[in-house]
Ligand SMILES: Nc1ncnc2c1ncn2[C@@H]1O[C@H](COP(=O)(O)OP(=O)(O)OP(=O)(O)O)[C@@H](O)[C@H]1O
Ligand SMILES: Nc1ncnc2c1ncn2[C@@H]1O[C@H](COP(=O)(O)OP(=O)(O)OP(=O)(O)O)[C@@H](O)[C@H]1O
Ligand SMILES: [Mg+2]
Ligand SMILES: [Mg+2]
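Chains as they are written, first to last, in our numbering: chain X, 964 to 1286; chain R, 79 to 573; chain V, 13 to 374; chain C, 13 to 374.
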């Protein structure tokens, strides 16, 4: 949370964390970055943030590979980085487990791997792991619903998930379900969309038909949320509270402006990639994290998934991604 | 074959046909277009299953359930529509389905050697065994089909209009092969619309009419042609060409003027003038380049030199729409691949070149289309009647009539006919000749290409003889006879 | 002679039944065996839309019945019907265009990408600023022009460059979506022009404008396809391009027009999607090409060209849209939906073929 | 008539002594006149692989040249070559199978989904447990059997149900991926069987096993395609199914075999991908179908069937793989890549066509 306040406003997308001697120019480092296809706002923001960050540091030479949802291709991109002998690889895998062998190979070749967002299945495959908290995101959303339901055990809860075959979607839903069960609620209707505006609209339009009365709706992704909101508008419904996910600037502005249904969103930081690159730079230049006493870059950094409501939206709006 | 019945949706193609073929004879099957000849032999080769009836082989009833079963008995068939695979080589096509192989691997050298032997036996060792069949001319493809039929141990050979794409020399060559086979005791079933061929090669005749046998086992030498025609058509036709309408006046409008037309590597220096009311015939061997001349002046190929004028106005090079607009119409050589929209109704095939006439602001008046098409198909006697029928389901000769109808409707000023009577029966042939003549009399300029010299001489006012891409003779049809034409045509090969 | 026949034959029915191996009717398959060809389907062109589309209508009715049984009033309500139709509208408009292209012997894999590019172009800051200053029709014009322009490029490369449509439009797919990303900087562009939003969200007698557009495009498409020279030429060009050329049709020009037409439809669909989602983004229409082609082909248009049906396409679109709706109403998860969808597609086609064959053989 | 002929013929005797009636040998035109609208058509299976694939080789060389110029040694190293080849292997194996299906007049959109299902099936807890108990070949067998089994279902529905391949395999795409999700419960399954991992990560003389498999499959595919009855019949079934049927070929059976073959290839590719990622998941091979078909078609196989080339397919796969590699080495952003890729595809095909035409016209 402090990170946001420290932002110098140099860029709305890539906040520069704790300024200090760490930002002074150091040895030239070459960092390879590979991520899934930028086929939705959050993922596009990840890459944009990484790019912006690299632009700020003249000592970073960033190699960005084509975003892809094909693990076969992503593996060969990492192989290319290894062949190129880059200094470090920041990897947001399409599928953590599937990218583990190649990450191990990179580590064996002496190239530190910074694993972002989707975790490898082998602890030795990464030097640093920057994790969003997918499960925690579901929990945050669930807890918020529990709070708002205020003991109402009959509340109808609906969920619009992201791409269903991704482990992260499963984690989010699991967290949501677990948190809800703590207050005796469950998910009455769940449909998956594709993280796109279009799919959000389509799924929501049908879901609203399926459930004539809803109390709470959690939508995993604010980008597809634009479509969900459009569908809600088209259907003329406003009897429920909608919670977003990921934390786009659009969603936050809606919350700020007092949207009829969208009252909150759970942040899933789109700065993870940039954080990964920054940590890689620190690692390579043998610097440590400024505010920690520890002299080494830590092994795991897990990002927090806070709930943004109209009360605290001002605090987060600056760091939100424009989708 | 006894009492063969075959129904297609809406059509009774065969209603009880009898046919018996003896070893060592050439049995000719005659009938008008759509009489059911092709259907009958497709049943014989097990391509279709009969709805009723029995087939006996050497006195035993047999059931031919798959083409393979028929082949196993020794029945080889050359179909009316060339059934070859364009991208396989000559050798592979010949042995398709009964490949020479060991453990699934092709024996290519053996296959090629056997192919060369077969082709040599057919008098065509120059066809390369490894060339893709799609790159061969139609005539050469026909030879390949024949080689294919002979590649197996054949007891009975069925030929469905094999001579349609062949010129006379080739037909003679074919007959030589057939005689060799019959001498070996092979039975041959031969279908053709050229009655003079039947005279040359046939032993006995079966006549089909509207799907049933009207006469069977007639001995060829005891049946006069006129009776055959009567059996087939139910009326007597004087098999003659319509009378010429007198000399075309020299001052008649020069509707089509071609000068110095050249398509590099194929033909060059073609000059041709056709006046209103005149029919000009192009004679020559298969491969002389006659089709290319027609296609080039029609704009379907881009000439390398030369001009084409219609009624004095020069046409844009290589543009079919320009030619059609100027009033030229072409009945192409290969009607299935070049002429017809097989999966469309008859009427839309007829009106496709004159659609603007039936449309207002782009909207078609399909009732008028059908009405006009019906008039035309009735006048051409297309069977079965009904313009909503798919062209694909018509017999070969009737398909040809549909193409003709298209240009009749268009009322062109210049009509180019490439083998207009290929596969057309005697009756319809006479009708087509009369039709062409009456078109000419009404002021249309007509150019006819035909492999039948007799047809060119009989129909045309003026004849051009083409050899190896050059016009070697030009003169009135009345001043030249068949043997002279053949001399001119052959000269090149003698040299 | 023919009396002998009946003597030997035991009757046609017996023969037909007895010989299941005999391909009899099926084996005539004049068309290629693999094309699911009812030898008679062509006859169907004439035998009225009902007989030919009976299977599709039945499939749609079955799906609706399933909807009513499992979801009752939630399915059979006006609101829900409009939900289905609204969804079907965008895909439907593109499918109508695609029917022409496929019938004309081509294919267009780039429809989704063109839609995305059009949507982005119509909603850039510059376009919207201009629209604010002048009129929201500027956005409409931008989308349609971009769509038709992409179609033009496709058409020129295919007709005059002689590159196969599959490859050309695959290239366009990559290029157009890439361009859309570059222009939008991968941001979702939100529509701020009120005139535009208001216009597209009007109802016409209770029917949303999107649905009205779909209906109008369908009817216009049907007329164009069945009653005009353009439609007739499309069939000719797709059925036998060489014969069409020799019949005097300018095949190349016609091909170009077909792709321009589908591009235009994409532009229109882009506008509809923009108004529906109030955004333009490079992710619009992702993977739409497969849905569209599936709807067209299920409808009965031949992928090899030369035969097509607008009514069938509309039914195909409605089947897919209704199916998705029924699944959602029943709260099915995506995977089960996928498996069921696969099965239903095959069953629908089989049903359609059997019925079409029967309809035309009687 | 014939007597007239021989009577007047003064020349023929010279040319053909034995056979005076037969026209002289050169009197029949052997060549078909190439029709203007079909530029590469005759392009000639027979005119040698070099002439025919010249354009592709050239395109590949140009891309390599671009790689060397922009990335120097980083491109032209053994490691980088192996990286390209390892990537190409999985797609390549499927593409070889697809070449057969497309040449045989079909298409298979379900390859990616079948690959996913095979990978999941081979790595379920049950399969792996059995593999631990017995031998890791159990996993290999599972993947290949599932792949071939899905292919069999495709083939049966297409050949005997007469449902068009596009629809059948689209349905299989949905169903197989859905099933894969259900079986894996949408979790990524990790391979724990060491024997399996060890075997597939061996090198043969410094060449990774994956690449070796690709090479072996390519050569086997080439032999099967060009030197066996099966391969030649595939051309017949795709080029003229009616002629194939009349020639006594069991077209339906052959069609089934083609889909089984491509299914088997998917199973094999699944194993390769499983070993490469040490995981089996329902997301493997997502959207692979388009890449595979693009490689096959760019290679020169005709989408309408009847003409195909294995060498071309391999070149097509390599072109795409190398292109992606050069892009990565040059640090291009995704959108620019997409646009460039679109342009390059079209240019490559145009180049190929011009050169093939020249090659076959000389
Ligand atoms: N597949 C089919 N479906 C429906 N009708 C057909 C089919 N094939 C042939 N027919 C019809 O059966 C009849 C006999 O056709 P067939 O091809 O046997 O005639 P043919 O005697 O060979 O004529 P031609 O001399 O013109 O070749 C025709 O009326 C034709 O329209
Ligand atoms: N595009 C071309 N390139 C090279 N040679 C060609 C081309 N087109 C035609 N030819 C040659 O031109 C000659 C004429 O061919 P074609 O068989 O069409 O002649 P034809 O006189 O019309 O015979 P038919 O009457 O049987 O149609 C052949 O020798 C053919 O090989
Ligand atoms: Mg016939
Ligand atoms: Mg000719």
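The beta-carbon is built from N, C-alpha and C at its ideal position, and this holds for glycine as well.
Hey, how far is the Cα of residue 318 (chain V) from the Cα of residue 248 (chain V)? Taking the third chain and counting its residues from 1, the one referred to as residue 318 (chain V) is at position 306. Taking the third chain and counting its residues from 1, the one referred to as residue 248 (chain V) is at position 236. Taking the straight line joining both Cα atoms gives about 6 Å.
Going by the CB atoms, is the gap between residue 1157 (chain X) and residue 293 (chain C) shorter than 8 Å? Counted from its first residue, the fourth chain places residue 293 (chain C) at position 281. Counted from its first residue, the first chain places residue 1157 (chain X) at position 194. No; because the gap between Cβ atoms is not below 8 Å, this pair is not in contact.
query = Which word fits residue 416 (chain R), buried or exposed, when buried means at least 16 other C-beta atoms lie within 10 angstroms of its C-beta?
reply = For this step, residue 416 (chain R) is matched to residue 338 along the second chain. Buried, since its Cβ has 16 or more Cβ neighbours within 10 Å.
Could you tell me whether the Cβ atoms of residue 189 (chain C) and residue 125 (chain C) are closer together than 8 Å? Mapped onto the fourth chain, residue 189 (chain C) falls at position 177. Mapped onto the fourth chain, residue 125 (chain C) falls at position 113. For residue 189 (chain C) and residue 125 (chain C), yes; Cβs fall inside 8 Å.
So does residue 87 (chain V) have its beta carbon nearer than 7 Å to some heavy atom of ligand 1? Locating residue 87 (chain V) in the third chain gives position 75, counting from the first residue. No, Cβ of residue 87 (chain V) sits at least 7 Å from all heavy atoms of ligand 1.
So for residue 53 (chain V), helix, strand or coil by DSSP? Working through the third chain from its first residue, we reach residue 53 (chain V) at position 41. Any reading at residue 53 (chain V) needs caution, since the residue's pLDDT is 34, under 50, leaving its predicted position unreliable; the model's value is listed next. Note: residue 53 (chain V) maps to helix in three-state DSSP.
So for residue 1208 (chain X), helix, strand or coil by DSSP?
Position 245 of the first chain, counted from the start, is the residue given in the question as residue 1208 (chain X). If DSSP states are grouped into helix, strand and coil, residue 1208 (chain X) belongs with the strands.
- Item | residue 354 (chain C) at chain V interface by Cβ criterion, 8 Å | The count along the fourth chain starts at 1 and reaches residue 354 (chain C) at position 342. Yes, its Cβ sits closer than 8 Å to a Cβ of chain V.
Nearest-angstrom Cβ-Cβ length linking residue 378 (chain R) and residue 258 (chain V), presumed shorter than 8 Å: Translated into the one-based positions of the second chain, residue 378 (chain R) becomes position 300. Translated into the one-based positions of the third chain, residue 258 (chain V) becomes position 246. So it is a contact: roughly 6 Å between Cβ atoms.
| field | residue 462 (chain R) Cβ short of 7 Å to ligand 1 heavy atom set | value | Working through the second chain from its first residue, we reach residue 462 (chain R) at position 384. Checking the Cβ of residue 462 (chain R) against ligand 1 gives yes.
Which first and last residues belong to the beta strand (DSSP E) in which residue 124 (chain C) is found?
-> Along the fourth chain, read from residue 1 onward, the residue named residue 124 (chain C) stands at position 112. From DSSP, residue 124 (chain C) is part of no beta strand (DSSP E) but of the alpha helix (DSSP H) over 123-135.
For a test of the three-state rule: what should DSSP assign to residue 287 (chain R), helix, strand or coil? As a working mapping, residue 287 (chain R) is identified with position 209 in the second chain. Three-state result, residue 287 (chain R): strand.
Range covered by the beta strand (DSSP E) that runs through residue 119 (chain V): If you number the third chain from 1, residue 119 (chain V) lands on position 107. Element bounds for residue 119 (chain V): n/a, residue is neither H nor E.
My parser needs the beta strand (DSSP E) runs of 3 or more residues fully inside the region 1092-1128 of chain X; what are they?
1120-1124
Simplified DSSP assignment, three categories, for residue 105 (chain R) | Sequence index remark: in the second chain, residue 105 (chain R) carries index 27 (1-based). If DSSP states are grouped into helix, strand and coil, residue 105 (chain R) belongs with the strands.
- Task: Tell me the start and end of each unbroken beta strand (DSSP E) in the region 317-399 of chain R that is at least 3 residues and wholly inside, in chain order.
- Result: 332-341, 345-353, 357-362 and 383-388
Residue 364 (chain V) at chain R interface by Cβ criterion, 8 Å | On the third chain, residue 364 (chain V) is found 352 positions in, with the first residue counted as 1. It does not; no Cβ of chain R falls within 8 Å.
Taking just the CA atoms, how far does residue 159 (chain C) sit from residue 106 (chain C)?
-> Your numbering for residue 106 (chain C) matches position 94 in the fourth chain. Your numbering for residue 159 (chain C) matches position 147 in the fourth chain. The straight-line gap from Cα to Cα measures roughly 11 Å.
Between residue 202 (chain C) and chain X, is there a C-beta pair that is closer than 8 Å? Your numbering for residue 202 (chain C) matches position 190 in the fourth chain. Yes, residue 202 (chain C) counts as interfacial toward chain X.
task: Would you mind reading off the limits of the alpha helix (DSSP H) that contains residue 423 (chain R)?
output: Mapped onto the second chain, residue 423 (chain R) falls at position 345. First-last for residue 423 (chain R): undefined, no H or E at that position.
Within 8 Å (strictly less), CB to CB, does residue 339 (chain C) reach chain X? In the fourth chain, the residue the question calls residue 339 (chain C) occupies position 327. Closer than 8 Å to some Cβ of chain X, the Cβ of residue 339 (chain C) qualifies, so yes.
query = Using the beta-carbon count (16 or more within 10 Å), is residue 43 (chain V) buried or exposed?
reply = For the purposes of this step, residue 43 (chain V) is identified with residue 31 of the third chain, where counting begins at 1. Confidence at residue 43 (chain V) is low in this model, with a pLDDT of 35, below 50, so the placement of that residue should be treated as unreliable; the coordinate-derived value is given next. Classification for residue 43 (chain V): buried.
| message | With a threshold of 8 Å between beta-carbons, can residue 260 (chain V) be considered close to chain R, or not? | response | Here the question's residue 260 (chain V) lines up with position 248 in the third chain. Yes, residue 260 (chain V) lies at the interface with chain R (some Cβ there is under 8 Å from its Cβ).
Does at least one heavy atom of ligand 1 sit under 7 Å from the Cβ of residue 503 (chain R)? The sequence position of residue 503 (chain R) within the second chain is 425, counting from 1. Correct: residue 503 (chain R) has its Cβ closer than 7 Å to ligand 1.
Could you tell me whether any Cβ in chain V is nearer than 8 Å to the Cβ of residue 1189 (chain X)? Translated into the one-based positions of the first chain, residue 1189 (chain X) becomes position 226. Yes, residue 1189 (chain X) lies at the interface with chain V (some Cβ there is under 8 Å from its Cβ).
- Go ahead and label residue 141 (chain R) buried or exposed: buried means 16 or more other beta carbons lie within 10 angstroms of its beta carbon, across all protein chains shown. In the second chain, the residue the question calls residue 141 (chain R) occupies position 63. The residue is exposed, with fewer than 16 neighbouring Cβ atoms inside 10 Å.
Open item on the list: Taking DSSP's pairing of strands, which residues face residue 543 (chain R) in a bridge?
Closed with: To locate residue 543 (chain R), count along the second chain from 1; it is residue 465. In the DSSP output, where bridge partners are listed per residue, residue 543 (chain R) has R:361 and R:551.
- Message: In the DSSP assignment, the alpha helix (DSSP H) including residue 516 (chain R) goes from what residue to what residue?
- Response: What you label residue 516 (chain R) is simply residue 438 of the second chain in a count that begins at 1. Taken as a continuous stretch (DSSP letters only), the alpha helix (DSSP H) holding residue 516 (chain R) covers 504-519.
Within-8 Å CB hit, residue 357 (chain C) to chain X | In the fourth chain, residue 357 (chain C) corresponds to position 345, counting from 1. Closer than 8 Å: no.
Residue 353 (chain C) versus residue 184 (chain V) - alpha carbon distance: Here the question's residue 353 (chain C) lines up with position 341 in the fourth chain. Here the question's residue 184 (chain V) lines up with position 172 in the third chain. Computed Cα separation, rounded: 9 Å.
Discussion item. Can you tell me whether residue 42 (chain V) is helix, strand or coil according to DSSP?
Written reply: Against the third chain, residue 42 (chain V) aligns to sequence position 30. For residue 42 (chain V), the predicted model reports a pLDDT of 32, less than 50, meaning its position is unreliable; a value from the coordinates is still stated below. Coil at residue 42 (chain V), not helix or strand.
Is it right to say residue 349 (chain R) is buried, meaning 16 or more other beta carbons lie within 10 angstroms of its own, or is it exposed? Mapped onto the second chain, residue 349 (chain R) falls at position 271. By the 10 Å Cβ count, residue 349 (chain R) comes out exposed.
Using beta-carbon positions only, say whether residue 205 (chain V) and residue 284 (chain V) come within less than 8 Å of one another. By 1-based counting over the third chain, the position of residue 205 (chain V) is 193. By 1-based counting over the third chain, the position of residue 284 (chain V) is 272. No, the Cβ-Cβ distance between residue 205 (chain V) and residue 284 (chain V) is not below 8 Å.
message: Output needed in chain order: residues of the region 155-178 of chain C with a Cβ under 7 Å from some Cβ in chain V.
response: 169, 170, 173, 174, 175, 176, 177 and 178
Within chain R, the residues that residue 254 (chain V) reaches when beta carbons sit closer than 7 Å:
To locate residue 254 (chain V), count along the third chain from 1; it is residue 242. 415 and 416, listed in chain order.
Quick one: is the Cβ of residue 89 (chain R) within less than 7 Å of any heavy atom of ligand 1? For the purposes of this step, residue 89 (chain R) is taken as residue 11 along the second chain, with counting starting at 1. Because some heavy atom of ligand 1 lies under 7 Å away, the Cβ of residue 89 (chain R) counts as near it: yes.
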